[in-house]
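In numbering that gives the first Met the number 0, the protein residues as written are 0 to 611.
Even glycine gets a Cβ: it sits at the ideal position worked out from N, Cα and C.
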Amino acid sequence: MDIERFLTDCPPFDELTEQQRTWSVNQMQSTYMNADNCNEIMRDCSPALFIVRSGVFDLKGKDGTLVERLEQGDLFGYPSLLSGRAIVNTLQCIEDGIVYVLPQVAFDKLRNQSRAFERYFINAHGERLLTERRGKTAGYDDYDWTEQRVEDVIQRAPISLASDTTIQNAAQCMSENGISSILVVDSDQLVGILTDRDIRNRVVAKGLGFNVTVAAVMTHLPEFVFAHRSLLDALTTMTANNVHHLPVVDEQLRPVGMITATDLIKQQRSEPVYLISSIYKSTTRAQLVEEAQKIPQYLNSFALRVKQTAILGRLMASLTDAMTRQFIKLFEAENGAAPARYCWLAFGSQGREDQTLSSDQDNGLLLTDGLTESQLDWFRRLGEYVCEGLHDCGVPLCPGNIMASNPECRGTQQQWLARFERWTTHPTPKALMYCQIFFDSRAVAGQQKMFNQFREAVADIGKNEFFIGNLALLVNRISVPLGLFNRFRTEDVKQGERIDIKRYGIALINDIVRLYSLHQGLTEPSTAQRIERLQESRLISERDRQSLLEAWQFLTQLRLDHQLRVWHTDEPKNAIDPDSLSTLSRRQLKTAFKIIKQAQQGVGLKFSRQGY
0 MDIERFLTDC PPFDELTEQQ RTWSVNQMQS TYMNADNCNE IMRDCSPALF IVRSGVFDLK
60 GKDGTLVERL EQGDLFGYPS LLSGRAIVNT LQCIEDGIVY VLPQVAFDKL RNQSRAFERY
120 FINAHGERLL TERRGKTAGY DDYDWTEQRV EDVIQRAPIS LASDTTIQNA AQCMSENGIS
180 SILVVDSDQL VGILTDRDIR NRVVAKGLGF NVTVAAVMTH LPEFVFAHRS LLDALTTMTA
240 NNVHHLPVVD EQLRPVGMIT ATDLIKQQRS EPVYLISSIY KSTTRAQLVE EAQKIPQYLN
300 SFALRVKQTA ILGRLMASLT DAMTRQFIKL FEAENGAAPA RYCWLAFGSQ GREDQTLSSD
360 QDNGLLLTDG LTESQLDWFR RLGEYVCEGL HDCGVPLCPG NIMASNPECR GTQQQWLARF
420 ERWTTHPTPK ALMYCQIFFD SRAVAGQQKM FNQFREAVAD IGKNEFFIGN LALLVNRISV
480 PLGLFNRFRT EDVKQGERID IKRYGIALIN DIVRLYSLHQ GLTEPSTAQR IERLQESRLI
540 SERDRQSLLE AWQFLTQLRL DHQLRVWHTD EPKNAIDPDS LSTLSRRQLK TAFKIIKQAQ
600 QGVGLKFSRQ GY
């Protein structure tokens, strides 16, 4: 059949089976479009997928700007199919032609039958949004969907059932609630997830009886996302694991809901998905390195479309997380699965999720007890492989060798905790330097429960008053670069007079907030999250807490703006020329330094008397 031969070379119909393609052809209607009828046909047939067989058409936005030129094999209409919104674009016929129309019912059925077919349109929809937004002004809106918390977009309370429920009862529950997936929960803990696809492929297709239990066919211990994390984290996890339904849990790993690919699509802004997706699709080391080379240009482009460039720190950390996980996957493909339980740890800026393009690596491995020499060797080679790979991708090696390639940064919980105990009870200058890195940790890959136990134990160790007092003394030894009459104190570098806003600004706020967090026993690694949690502390006033947050946000954005501006030059990446700033920015910078100086004095009064 002519149409079927055409679809064989037309993505994503080329991903369908021959039977699915034949079925889709029978659902289509062919229509002739010209300048007189093209918009009327599009209006009358919508919602539907339109496939251009011949002719040339310009798709115009509601403001008349060109969205895309459509020629043979191009598709349109799918954003409305995915989002449920009415079509607002119009067609301009450049050359008359034939267009095939696939109704929404048929489109939805193909989406459910073919994951590749669905993924194609999810990615294409995001690319369309990205293209449309390139044409708008850089300061369009400071709202970014990726920064929303997962818990804020969950559509309903969790619907769950026990693992001993029969498939028939599970299907009835899903049907009654109008859902395509359901959480499986035993003793208030998430143990699995059951989807329509599981029932179709693992029960019906296998000829199993409807009395078989959910436990026999569910996906055990599925991937999940914490409710307090961002939609970017959910997107990254779903993309990495090629799943469309993601359980949402609280800090105690209790399920609180479900988020789906459709939920993310509805947010209408999905730029980061492309780079993250391409990283996870890399099947070789060379491909992964090639994709990573696009990151600086991508961040520059992304920064032009958001007002709050501070979110780039989160995005950069997510990209490094994605590269790390993919390198682990590539290593396992060559060397077999991990021989024992483990957790890949991110420390420092990656752990805090305030990474920049100039941030170096800080990572390690948390290992289970009782490993053999061959198992230890497997993890040694993993550490070396991933750290070298990240370096090839542009994430510099740590000058202090705080990396999983270093045997000192691979250890069991007992070995890691012994090290923390030693640092806190004997706080030498080197030990205090280590603590400023290692106390900011996050799990990137491996066993989350294993990390949670480790992090709680580390938080208990960090409450040592003698240790906190010495950290406070260290923080107060760093002078804020404000001199007499609040004039800036600059340093003479090769490029001229500069102020290192990382060392004397951002890092100092990180250190101050870490002090309060250690005293409170907080486990969050992010400075912004820690400041938010410090609402519960009586040691810092609400005014001082808010001032620290605003100073941190200003300095973080100032540094990122500067780095993006000078990235391909010899200019220092963390040091700025205050004379190059606007009058307002100089005034804000002085205010930020005053806030830091006052906060230094505050932690000095509250904690430093407990030190040496």
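8 angstroms contact criterion, which S23 and L109 should meet: CB distance rounded: Going by Cβ atoms, the distance from S23 to L109 rounds to 6 angstroms, so yes, they are a contact pair.
Contact under 8 angstroms by Cβ, L557 with I530: Result no, Cβ atoms of L557 and I530 do not sit closer than 8 angstroms.
Cβ-Cβ distance between I508 and T522 below 8 angstroms: Taking 8 angstroms as the Cβ cut-off, I508 and T522 do not qualify as a contacting pair.
Cβ contact check for the region 497-505 and the region 317-335: 3 or more pairs under 8 angstroms: The answer is no - the region 317-335 does not touch the region 497-505, with fewer than three Cβ pairs under 8 angstroms.
Given this structure, state the Cα-to-Cα distance separating L189 from M217, to the nearest angstrom. When rounded, the distance between both Cα atoms is 12 angstroms.
Beta-carbon contacts of L74 that lie in its chain and below 7 angstroms, excluding the five residues immediately before and after: Here the set comprises L48, F49, I50.
Just tell me which of C9, E290, T259 has its CA closest to the CA of C392. That would be E290, whose Cα lies nearest to the Cα of C392.
Curious, which full-length alpha helix (DSSP H) runs of at least 4 residues does the region 73-99 contain? As far as the region 73-99 is concerned, its whole alpha helix (DSSP H) runs of at least 4 residues are 77-82.
Just to confirm my understanding: we take V224, look at its own chain, exclude 5 residues before and 5 after, and list those with CB closer than 8 angstroms. What are they? Result list for V224: V149, D232, A233, T236, L245, P246, V247, V248, I258, in chain order.
Beta-carbon within less than 6 angstroms of A345's beta-carbon, same chain only, minus the 5 sequence neighbours each way: which residues are those? The beta carbon of A345 lies closer than 6 angstroms to those of N362, R441, V443 in the same chain, with the five residues before and after it left out.
Does the pairing of the region 465-480 with the region 536-544 give three or more beta-carbon distances under 8 angstroms? They do not touch, by the three-pair rule.
Roughly how many angstroms separate the alpha carbons of G601 and D576, rounded to a whole number? When rounded, the distance between both Cα atoms is 29 angstroms.
CA-to-CA distance, R114 to D35, given in whole angstroms: If you draw a straight line from the Cα of D35 to the Cα of R114, it is about 37 angstroms long.
How big is the Cα-Cα spacing for S186 and R313? S186 and R313 have their C-alpha atoms some 34 angstroms from each other.
Classify F465: buried if its beta carbon has 16 or more other beta carbons within 10 angstroms, exposed otherwise. When all chains shown are included, F465 counts as exposed.
Is F450 near the ligand GDP, judged by its Cβ being under 7 angstroms from some heavy atom? Inclusion of the ligand GDP in the displayed structure is not the case, the ligand content being empty and no account of it being possible.
Among G208, V152, L220, F116, whose alpha-carbon lies nearest the alpha-carbon of S621? Past the boundaries of the shown model lies residue 621; the chain is included only from 0 to 611, so the question cannot be answered.
For L344, the first and last residue of its enclosing beta strand (DSSP E): For L344, the uninterrupted beta strand (DSSP E) run begins and ends at 341-345, by DSSP.
Start and end of the alpha helix (DSSP H) containing P246? P246 -> not in any alpha helix (DSSP H); beta strand (DSSP E) instead, spanning 244-248.
Short of 8 angstroms in beta carbon distance, which residues of its chain neighbour T424, apart from the five on each side in sequence? Order them along the chain. The residues N463, F465, F466, in chain order, have a CB closer than 8 angstroms to that of T424 in the same chain once the five nearest residues on each side in sequence are set aside.
Going by beta carbon distance, what residues of the same chain come within less than 7 angstroms of Y142, once the five residues before and after it are set aside? Since pLDDT at Y142 reaches only 45, below the 50 mark, its modelled position is unreliable, and the value read off the structure follows with that caveat. Around Y142: no qualifying Cβ.
Rounded to whole angstroms, what's the CA-CA distance from E637 to N240? Just pull it up for me. Any property of residue 637 remains undetermined from this structure, which presents the chain solely from 0 to 611.
Whether G191 touches V203 by CB criterion (8 angstroms): Result no, Cβ atoms of G191 and V203 do not sit closer than 8 angstroms.
If you follow the beta strand (DSSP E) that G191 is in, where does it begin and where does it stop? If you look at G191, you'll find it in the beta strand (DSSP E) that goes 188-194.
When you compare each of D195, N210, A156 to I166 by their alpha carbons, which one comes out closest? Nearest option by C-alpha distance: N210.
Proximity below 8 angstroms, CB of L483 to CB of F606: Going by C-beta atoms, L483 is not nearer than 8 angstroms to F606.
Considering only C-alpha positions, which residue in the set P338, C386, D359, H567 is nearest to E372? When only C-alpha atoms are compared, the closest one is P338.
Name the residue from Q26, G54, T21, M27 whose alpha carbon lies nearest to the alpha carbon of C37. By alpha-carbon distance to C37, the top candidate from Q26, G54, T21, M27 is G54.
Kindly list the residues whose CB is nearer than 6 angstroms to the CB of T427, restricted to its own chain and excluding five residues on each side of it in sequence; keep chain order. Here the set comprises nothing.
Under three-state DSSP, which class holds G468? In the structure shown, G468 adopts helical secondary structure according to DSSP, grouped into three states.
What runs of the alpha helix (DSSP H), each 4 residues or longer, lie entirely inside the region 503-531? Assignment of alpha helix (DSSP H) within the region 503-531, counting only whole runs of 4 or more residues, yields 506-519 in chain order.
Mind checking whether V479 and P571 have CB atoms under 8 angstroms apart? No, the Cβ-Cβ distance between V479 and P571 is not below 8 angstroms.
Among the candidates R52, F120, Q26, T16, whose CA atom is the shortest distance from the CA of M32? The shortest Cα separation from M32 among R52, F120, Q26, T16 belongs to R52.
Once you ignore the five residues that flank T238 on each side, which residues in its own chain have a CB closer than 7 angstroms to its CB? The beta carbon of T238 lies closer than 7 angstroms to those of V272, I275, S276, Y279 in the same chain, with the five residues before and after it left out.
Where the alpha helix (DSSP H) containing E541 begins and where it ends: First-last of the alpha helix (DSSP H) with E541: 541-565.
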